[in-house]
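Protein chains in written order, with the working numbering: chain A, 1 to 387; chain B, 388 to 505; chain C, 506 to 989. Ideal placement from N, C-alpha and C gives every residue a C-beta, glycine not left out. These numbers were taken from a predicted model, which means no experiment stands behind them. Accompanying notes for the structure given below.
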Amino acid sequence: MQIKLYGPGLRPISATSPGTFIGRLTERPDFTESGRGQEILRIRQPGKELPPGFRAYLFDQGTVETAGSVARDCYVLSPEWKYLADGDVVRLDPMRRTLATLYRRASLSNSFLVTERCDNYCLMCSQPPKSRNDSWLVDELLEAIPLVSPATRELGITGGEPGLLGERLIQLLATMKQYLPQTAVHILSNGRSFARLEFAQALANVRHPDLMLGIPLYSDLAEEHDFVVQAGGAFEETIAGILNLKRMGVRVELRFVIHAHTHERLPSFARFVARNLCFVDHVALMGLELVGFAKTNLNSLWIDPLDYQDELTSAVVTLHRAGLRTSIYNHPLCVLPPVLHPFARQSISDWKNLYFEECEGCSQREACGGFFASATVRRSRGIRAFA
Amino acid sequence: MVRMEREPESAPHLAFQNGIIQTTIDLRSYRLTAVQKTAYRYADRCTAILGASDQHLLPVTFLFPPSTVESAAREAVRQFFQELLDQELREQIGSETHAIRSLLLAHAFSKTDLIRRD
Amino acid sequence: MTTSAFRDRSAFRPPAGYQLLPFRFTRLDGTRYVLTNEVGEYLLLTREDLVALVGHTLESNGQAYKELQSRHFLFDGQSRSALDLLALKYRSRAEQVASFTGLHIFVVTLRCDHSCDYCQVSRQTENRANFDMTRAHADKALEFVFRSPSRAIKIEFQGGEPLLNYDLIRYIVERALELNREHRRQLQFVIASNLSRLSDEVLAFCSAHEIFLSTSIDGPESLHDAQRPLRNGHSHRTTVESIHRARKVLGPDSVSALMTTTQASLGRVEEIIDEYVRLGFHGIFLRNISPYGFAVRKSLLRRYNVHDWIEFYKRGLKHILKINQQGHALREEYTALLLQKMLSPRGTSYVDLQSPAGIGIGGIVYNYDGAVYASDEGRMLAEMGDHSFRLGHLDSDSYEAVMTSESLLLPLLNSMPEGAPMCSDCAFLPYCGADPVFHQATQRDVVGHKSFSAFCTKQMAVLRHLIGLLEYDAEARSTLLQWV
């Protein structure tokens, strides 16, 4: 399935609030009156009186002609927003007439963007950095977190580089612990800001019950890693960050994206991790997502997964033998040798996940993670259905 | 002090007589400790008697077990000098890495370095 | 790059110049040297590259430089990570020592029903009851056992033939389990037995307490029986029958077997290995004959040359690798230990290949007469009249006195390879260990002169051979890696 998380399609049919605001969707018109202040009523059926007191009202097309007597913040949604459901948290921008989905209760892959600023500049970055001040993102998140269902299994924190938030990242994590104590948090970070022991310590001191940091590492050699992330000194700081986090008892996962500039040293990387970083909690070897800079630099980055099978197999075997939990992300099963199938995970977020024509009738479809929506840009010659 | 790679003393100049080969080692080219360590290592093949050094020249007498033939003796001496070159390299590495080795060990056992595994 | 915002590799080159990190090197073969760092990571280099490396002229663009940098043999000025990571690795490896004595050997009797030629224990015949360990000594020994801080404790019963004193084994196991309710260690029991006395009652007891069995199979029947005479019986047939019975009750992996190499074995390594395969074993330990007990008295040692053993080992390993490639999993245990030391960040805990030596601090022996020895070989040396490794006696010495006695501490300190001539320079140091008992037995000195040491000759030959296989024989390499 593929769904849009941000974009136009919000047509006001009444007076509106002057600026953007967030709220949680409910499909219950009888929602407790005193609690309606941040709830947005989702209306799928035509007719009936509008119950008062909700923050806003979202109508599917064809369910309403006019807003009637309830005069504020009524909007009609264009069809691509039909998926919005009870429990989802959205941001409405009445001026620009856009919607953004911050959280979907039914999804297993909710992620919060906390900043677009970054101190790396990876060749294959799927979220190219911007240098403007976007601290409003965290402000908004702090407001959104209390609206998120406490039954949520896991939430991601991404960027840009979340570490650049400094103290505010700590605050964000503490807020998540407070409102969502049962929810696992997975922070994607380059680890560099944790080269300062105090910062790693501050993060650990939140004592979040289920926290993991996903940290990319692209080589056993500093210059190779620095080249891929386009920042001198990055490798040194990242390693220092990983060590500090582990010293403070924080769980760390290493992430390695496989492309033309990294696949050759993949076996060496695995050996390096097995000998030097054998205390990390997980290693993820990942396929390229062809968006952002990965798309810009496609010609120099692209390599067909069929052409690095030996290197990938060697790396997985090395890591696995060393007792490290190892996974392969973002590779369909047809481009992996059978010996690696047990390591492949269904890792692609639902909202950007699809299957191709070739996948019709494939016997492994249930087990396979499929493709990124962006995979249409360039595909492996190995894509085929299993009998 | 830069130690250049040196050709071992070439065999034709070494006379083998009565189970003995005598030669001289220039201590400007090889550290005395390197010679001693090599002599120790080769104790099963020959006994290397180090004489008193005159300025930079160290007389060395190789004594071989009675049954040793000349070719075997020359080969042993040739290998001795190969090993001596290696030993020189070791000394160089040792002196260069001595400080960092101490630092490494101190760092390894400092309390702050515990990595906790969940 | 399609966008000028991206810089190419040259912008990230490290500054020129590098520093050496500590390493050792040894000649591997005619063309290459093996280099090892303090934590046992290794690399092969030509002499040319080695000289360039030490001369600080090694090309930073070249393959050799990158491999050296990746494995922490050198670092450039900006790198802090090399030192941090190396220190961590060193600590992980060294930490093993702190887990302390894990192996506790109880010699419950010296009586035996076999009269093996090479027996390393002065055994008496079956009828002498004053060669059994007493309950009083067993109790005192158990107190010692639980004084060790090790989380994992293995109690191994030896002899003579330990099952000749089965009652005491029973007593010790039950008492140990009782004591362990308070101490909560991971307890494991092994009986090293020739299995001639494996009654149903013994099997039931082993089953109830998950006791493993370790036995001797020297090879096919003709070889085995010739070396291991059993009064009134055929040793091979009896042992094999018992192995099958044991497996039925205790499970397919409950029995392991060791072989002892003698002059007669040296020419028959393939047959011995085939016998292990025939008997359904998946592990074999190609041991060398040791210089203790009857072996020396009967001058077997003089007739046995370490170079003959090395050939035996190489042929044996070749045969074992072939068997693996043909589909039967068979691991050579000594090779597996060495590979683990070479390829695993933590090394191994095998007591006979440690630095400092595993005597006392890795394993300890409580003899049938109440004396405490630093190792099994130390006890055998005592039978030959050299009591250097007798640490004390259960009746007269406390745990503290035994563990801090000079007869333990001095050999530990003095025999450490890091401080020994030749060893301290040797590239194989991280893969080797001290064997103070062997050197005391053969050279009357716990350190020994390694040029005259059969232990050293053996170790270096085996390690050179393994590195050669890993580097130049892809098929062998893939089998060997599965043993780690």
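Query	Result
At which residues does the alpha helix (DSSP H) containing residue 967 (chain C) begin and terminate?	959-977
Along the stretch 587-606 of chain C, where does the CB come closer than 8 angstroms to a CB of chain B? Name the residues.	588, 589, 591, 592, 593, 595, 596, 599
Closer than 9 angstroms, CB to CB, is residue 841 (chain C) near chain A or not?	no
Taking only three categories from DSSP, how would you classify residue 314 (chain A)?	helix
Out of C:760, C:844, C:664, point me to the one whose CA is closest to residue 972 (chain C)'s CA.	C:844
Suppose the cutoff is 6 angstroms on Cβ atoms and the five residues either side in sequence are ignored; what does the same chain contact list for residue 16 (chain A) look like?	73, 94
So residue 861 (chain C) and residue 780 (chain C) are supposed to be a Cβ contact under 8 angstroms. How far apart are they, rounded?	The Cβ separation is near 37 angstroms, so there is no contact.
Given that residue 268 (chain A) touches chain C, what residues does it touch there, using C-beta distances under 9 angstroms?	571, 572, 575
Is there a Cβ of chain F sitting closer than 9 angstroms to that of residue 519 (chain C), yes or no?	The structure shown has no chain F; the protein chains it does contain are A, B and C.
Identify the contact partners of residue 956 (chain C) in chain B, using a Cβ-Cβ distance below 9 angstroms as the criterion.	427, 428, 429, 430, 431, 432
Can you have a look at residue 857 (chain C) and say buried or exposed, based on whether 16 or more other CB atoms are within 10 angstroms of its CB?	buried
So, helix, strand or coil for residue 542 (chain C), using DSSP?	strand
Using beta carbons (cut-off 9 angstroms, strictly below), is residue 495 (chain B) in contact with chain C?	yes
List the residues of chain A that residue 850 (chain C) touches, going by C-beta distances under 9 angstroms, in chain order.	274, 275, 276, 278, 322
At the level of alpha carbons, what is the spacing between residue 416 (chain B) and residue 410 (chain B)?	15 angstroms
If you compare alpha carbons, which of A:226, A:169, A:107 is closest to residue 213 (chain A)?	A:169
Measuring alpha carbon to alpha carbon, tell me which residue in A:54, A:29, A:50 is nearest residue 36 (chain A).	A:54
Tell me, please, which residues DSSP counts as bridged to residue 446 (chain B).	B:411
Go ahead and label residue 523 (chain C) buried or exposed: buried means 16 or more other beta carbons lie within 10 angstroms of its beta carbon, across all protein chains shown.	buried
What is the DSSP secondary structure of residue 855 (chain C), counted as helix, strand or coil?	coil
Within a Cβ cutoff of 8 angstroms, which residues of the same chain sit near residue 407 (chain B), ignoring the five residues on either side of it in sequence?	448, 449, 450, 451
Alpha carbons only, please: which of C:642, C:560, C:519 is nearest the one belonging to residue 583 (chain C)?	C:519
Reducing DSSP to helix, strand and coil, say where residue 720 (chain C) ends up.	strand
Kindly say whether residue 484 (chain B), judged by its beta-carbon, lies nearer than 9 angstroms to any beta-carbon of chain C.	yes
Let me see if you follow: with CB-CB separation under 9 angstroms, is residue 196 (chain A) close to chain C or not?	no
What does a CB cutoff of less than 6 angstroms around residue 248 (chain A) pick up in its chain, not counting 5 residues either side in sequence?	200, 201, 204
Which residues bound the beta strand (DSSP E) around residue 83 (chain A)?	Counting along the chain, residue 83 (chain A) falls outside any beta strand (DSSP E), and DSSP gives it neither H nor E.
Anything in the stretch 765-795 of chain C with a Cβ closer than 7 angstroms to a Cβ of chain B? List those residues in chain order, please.	none
Answer with yes or no whether the minimum CB distance from residue 532 (chain C) to chain B is below 9 angstroms.	yes
If you run the structure through DSSP and keep just helix, strand and coil, what is residue 130 (chain A)?	coil
Looking at the secondary structure, which residues open and close the alpha helix (DSSP H) in which residue 944 (chain C) lies?	941-948
Could you please give the first and the last residue of the uninterrupted beta strand (DSSP E) stretch that includes residue 179 (chain A)?	Unbroken run through residue 179 (chain A) is the alpha helix (DSSP H), 167-179; no beta strand (DSSP E).
Taking the CB atoms as reference points, tell me whether residue 206 (chain A) and residue 180 (chain A) lie closer together than 9 angstroms.	no
Do the stretch 787-795 of chain C and the stretch 740-756 of chain C touch if we need at least three Cβ pairs shorter than 8 angstroms?	no
Would a check of beta-carbon distances place residue 474 (chain B) closer than 9 angstroms to chain C?	yes
In this structure, how does DSSP classify residue 386 (chain A) when only helix, strand and coil are distinguished?	coil
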